[in-house]
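Residue numbers (numbering that gives the first Met the number 0), protein chains in the order written: chain A, 0 to 211; chain B, 0 to 467.
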Amino acid sequence: MAGWRTHAGRAITLPHDNIDTDQLIPARFMSAPRSEGYGKFLLHDLRHDADGAEVPDFPLNRHDDATILVAGRNFGSGSSREAAVYALVDAGITTVIAPSFGDIFASNAVNNGLLPARLSERQVKQLMMHLGDQSGAARIDIDAKELRIGDHSFAFELDDGWQTKLINGWDDIDLTLAHRDQIHSFRDQRLKTSRWAWPTAQDQEPPGTRAQ
Amino acid sequence: MTQPRTLLDKLWSAHEILKREDGTSLLWVDRHLVHEGSHHAFGKLAARGADVAAPDLTFAVVDHYAPTRQRERIADPQVSRMIDTLRNNAKQHRLQLFDLMDPGQGIVHVVGPEQGLTLPGLLINCGDSHTSTHGAFGALAFGIGATEVAHVLATQTIWQKKPKSMRITVDGSLGPGVSAKDIALNWIARLGTGGAQGCAIEYAGSAVRDLSMEGRMTLCNLSIEGGARLGMVAPDEVTFAYLKDRPYAPKGADWDAGLEDWANLPSDDGAEFDLEVTLHGDDIAPTVTWGTSPEQALPVTETIPDPATLDPGKADAARAALDYMDLPSGRALEGIAVDQVFLGSCTNGRIEDLRAAAAVLAGRRAKVPGMVSPGSAQVKAQAEQEGLDRIFTEAGLDWVASGCSMCVGMNGDLVAPGKRCASSTNRNFRGRQGPGARTHLMSPAMVAAAAVTGTITDVRPLLHGRAA
Ligand code: SF4
Chain A
0 MAGWRTHAGR AITLPHDNID TDQLIPARFM SAPRSEGYGK FLLHDLRHDA
50 DGAEVPDFPL NRHDDATILV AGRNFGSGSS REAAVYALVD AGITTVIAPS
100 FGDIFASNAV NNGLLPARLS ERQVKQLMMH LGDQSGAARI DIDAKELRIG
150 DHSFAFELDD GWQTKLINGW DDIDLTLAHR DQIHSFRDQR LKTSRWAWPT
200 AQDQEPPGTR AQ
Chain B
0 MTQPRTLLDK LWSAHEILKR EDGTSLLWVD RHLVHEGSHH AFGKLAARGA
50 DVAAPDLTFA VVDHYAPTRQ RERIADPQVS RMIDTLRNNA KQHRLQLFDL
100 MDPGQGIVHV VGPEQGLTLP GLLINCGDSH TSTHGAFGAL AFGIGATEVA
150 HVLATQTIWQ KKPKSMRITV DGSLGPGVSA KDIALNWIAR LGTGGAQGCA
200 IEYAGSAVRD LSMEGRMTLC NLSIEGGARL GMVAPDEVTF AYLKDRPYAP
250 KGADWDAGLE DWANLPSDDG AEFDLEVTLH GDDIAPTVTW GTSPEQALPV
300 TETIPDPATL DPGKADAARA ALDYMDLPSG RALEGIAVDQ VFLGSCTNGR
350 IEDLRAAAAV LAGRRAKVPG MVSPGSAQVK AQAEQEGLDR IFTEAGLDWV
400 ASGCSMCVGM NGDLVAPGKR CASSTNRNFR GRQGPGARTH LMSPAMVAAA
450 AVTGTITDVR PLLHGRAA
């Protein structure tokens, strides 16, 4: 994953609270390989009517150039499906601005270079009023934790660890493996003091052959 | 004197390998559970050419796509491909797999405890938000996304910031026909779906202590619906009695050593929590959701609120929810006609849940169709031994195999568009049970009551003269 510091794009509003991960990507699309691209699944059942036709006045249908979403509280609540983030990223979204996010969604977002930026409930309202149902030019600066839109500028909240990660585009696995020795000695110590924490072996069959 | 510590503090420090300057800890993972949905994570592992770091601590379960009928010949090629992918990954990485025909198969959060894989004092991860279920044993258990699943597979560790601590105390005792599900819907309705955001909840108080392990699991399972990262109950004799002699639980000297360590886990007297909430068990009535968020819930005896009278921040959401649910404000919840019922899921698919539903259904007929999917093959076998399956089928409900089934509909068990379902599951989100499906969450006993009358019904009068 490549890191990023600034982004200039178009912001639109999704004026709803609790846009859960089942809305972001309905479960039936989640068996597709990522290489197919998940952008077409984003908010599928809100963007389409029961017959599969596009709902013309749904914000994302009106503005297919949007890269920044401004949404209500508790965005991404619900399941741990990272596919919700894939759908956003593959649809070209770089940033979601909301008063609060589902915990697992937010960490999934950062793991995929998507910025979950928090503003107060009041600031989000203000932004929504400003944008209305139009899209507006906006600029994000992760270093400064700042969002500029028209003449307004907002300081957003973002965990420092996540800020660094978004900027560097780090892969955690490499970072973690640098601590390999510490991990191994932790494990050895735990095995010594808490043997009960290891599962009792079941049978003599090698793993993976059970009743297949 | 050392500072009194919470259960969370003790579990956290027992797993912390190191702490970064920004406050993020690297934690050791004792159990990692994977399922068909983990295919993205295995894909990431393959892309790096990495191996699973600890195959002996990693267990695979077929549940999300598990067909509940005709397992021998899976009709849907997409379902079959998802299951085959998990089989191949399990085989390649030498992981224990609870496959479709395995007597231990079931929903991952039912299988873990039932097999004794879930223990007090462990850190348990799974790529599924309801991993919080396992916290019922006094474990640190939380759901993670695919990138993190790949990380755990590759390193057997996870980076995590310590959550805030929150204690929900439920005093008193629950009345007849009131269960852990009602406690959960109650506090979520009160605090909102973001009420516990960023928190680890510890459930305490007499009404929680009185719950069986099944009830505690239901309570911890639903923590995530109130925004919490995880839910926990301190281990006690009920916990130990449940675990003793389970297949993967420690034996002999290891069991004794475990008991000794686990006895030290409960929060110390005087330990401080960042947030405290108290509920009174005696005030809790059977509770039902009326909208499309678990916080949109009320006692079954109430009427649907008028959005105009709600907190302005919640009025629009309520209007949209009522529109989707096709319900008018001001209408009594009791008497709303349902088209079908569903009993199952990791929230309420355990043996005690089936017993509670059967107690209502015994000798009665369901007015609407419905499906009962036990949480695991073992729950299914146990229920059949107790004759519960006959109660369900004689009532006119379908008795099917175990899996996530209609909780999420990935295996094709769906609620049709526009249909209303009384469901023992955990999410009433739009389209969760199928595009256009309308879900009312409630306890298993309440689902059974809805089956008997064909409407949302207070189960309590139906229990008169019966053992609940
Ligand atoms: S039963 Fe439902 S909530 Fe539980 S693991 Fe399966 S899909 Fe998730």
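Backbone N, C-alpha and C define an ideal beta-carbon position, used for all residues, glycine too.
Backbone CA spacing between residue i and residue j [nearest angstrom]
{"i": "B/Lys43", "j": "B/Trp158", "result": "18 Å"}
{"i": "A/Leu157", "j": "A/Leu68", "result": "16 Å"}
{"i": "B/Gly464", "j": "B/Val359", "result": "11 Å"}
{"i": "B/Pro66", "j": "B/Cys420", "result": "20 Å"}
{"i": "B/Gly120", "j": "A/Ala10", "result": "46 Å"}
{"i": "B/Pro175", "j": "B/Arg459", "result": "7 Å"}
{"i": "B/Glu267", "j": "B/Arg4", "result": "One detail in the question is off: residue 267 of chain B reads as Asp in this sequence, not Glu. For B/Asp267 and B/Arg4, the distance between alpha carbons rounds to 5 Å."}
{"i": "A/Ala196", "j": "B/Glu275", "result": "31 Å"}
{"i": "B/Ile187", "j": "A/Leu130", "result": "32 Å"}
{"i": "A/Leu165", "j": "B/Arg47", "result": "21 Å"}
{"i": "B/Ala447", "j": "B/Leu387", "result": "13 Å"}
{"i": "A/Asp44", "j": "A/Leu87", "result": "14 Å"}
{"i": "A/Gly278", "j": "B/Val299", "result": "In the structure displayed, chain A extends from 0 to 211; residue 278 of chain A sits before or after that span and is not available."}
{"i": "B/Arg93", "j": "B/Glu35", "result": "16 Å"}
{"i": "B/Ser178", "j": "B/Asn347", "result": "11 Å"}
{"i": "B/Gln155", "j": "A/Ala108", "result": "21 Å"}
Reduced DSSP category for residue i - H, G, I as helix; E, B as strand; rest coil
{"i": "B/Val367", "result": "coil"}
{"i": "B/Leu139", "result": "strand"}
{"i": "B/Tyr64", "result": "coil"}
{"i": "A/Phe57", "result": "coil"}
{"i": "A/Gln125", "result": "helix"}
{"i": "A/Trp197", "result": "coil"}
{"i": "B/Pro76", "result": "helix"}
{"i": "B/Met231", "result": "strand"}
{"i": "B/Ala145", "result": "helix"}
{"i": "B/Leu94", "result": "coil"}
{"i": "B/Gly105", "result": "strand"}
{"i": "A/Arg209", "result": "Low local confidence applies: a pLDDT of 45 at A/Arg209 is under 50, so the model's placement there is unreliable, with the coordinate-based value given in what follows. Coil at A/Arg209, not helix or strand."}
{"i": "B/Glu201", "result": "strand"}
{"i": "A/Gln203", "result": "Annotation note: pLDDT 42 at A/Gln203 (below 50); position unreliable, coordinate value reported separately. Looking at A/Gln203 - three-state DSSP - the assignment turns out to be coil, as it is neither helix nor strand."}
{"i": "B/Ser24", "result": "strand"}
{"i": "B/Met165", "result": "strand"}
{"i": "B/Trp254", "result": "helix"}
Any C-beta of chain A under 8 Å from that of residue i
{"i": "B/Ala153", "result": "yes"}
{"i": "B/Thr146", "result": "yes"}
{"i": "B/Tyr247", "result": "yes"}
{"i": "B/Leu17", "result": "yes"}
{"i": "B/Val407", "result": "yes"}
{"i": "B/Gly453", "result": "no"}
{"i": "B/Trp254", "result": "yes"}
First through last residue of the beta strand (DSSP E) which encompasses residue i
{"i": "B/Phe58", "result": "57 to 60"}
{"i": "B/Ser172", "result": "No beta strand (DSSP E) contains B/Ser172, which DSSP labels as neither H nor E."}
{"i": "B/Ile157", "result": "156 to 160"}
{"i": "B/Cys345", "result": "Per DSSP, B/Cys345 belongs to no beta strand (DSSP E); it is in the alpha helix (DSSP H), 344 to 347."}
{"i": "A/Ala10", "result": "5 to 13"}
{"i": "B/Thr392", "result": "Element bounds for B/Thr392: not the beta strand (DSSP E) but the alpha helix (DSSP H), 387 to 394."}
{"i": "B/Val276", "result": "274 to 279"}
{"i": "B/Pro116", "result": "Looking at the sequence provided, one finds Leu at residue 116 of chain B rather than Pro. Note, B/Leu116: premise wrong, no beta strand (DSSP E); not H, not E."}
Residue-level contact to chain B via CB, residue i, 8 Å cutoff
{"i": "A/Trp195", "result": "yes"}
{"i": "A/Gly207", "result": "At A/Gly207 the pLDDT is 42, less than 50, meaning the model places this residue with poor confidence and gives no usable figure here."}
{"i": "A/Leu176", "result": "yes"}
{"i": "A/Ile172", "result": "yes"}
{"i": "A/Met29", "result": "yes"}
{"i": "A/Ile182", "result": "yes"}
{"i": "A/Ala26", "result": "yes"}
{"i": "A/Gly2", "result": "no"}
{"i": "A/Ala210", "result": "For A/Ala210, the predicted model reports a pLDDT of 42, less than 50, meaning its position is unreliable; a value from the coordinates is still stated below. So yes, A/Ala210 belongs to the interface."}
{"i": "A/Phe40", "result": "no"}
Buried or exposed (CB count within 10 angstroms, at least 16 for buried), residue i
{"i": "A/Gln22", "result": "buried"}
{"i": "B/His39", "result": "buried"}
{"i": "A/His151", "result": "exposed"}
{"i": "A/Asn17", "result": "buried"}
{"i": "B/Gln339", "result": "buried"}
{"i": "B/Ser375", "result": "buried"}
{"i": "A/Arg194", "result": "exposed"}
{"i": "B/Gln432", "result": "buried"}
{"i": "B/Asn263", "result": "exposed"}
Terminal residues of the alpha helix (DSSP H) in which residue i lies
{"i": "A/Ala154", "result": "Careful: A/Ala154 lies outside any alpha helix (DSSP H), inside the beta strand (DSSP E) at 151 to 154."}
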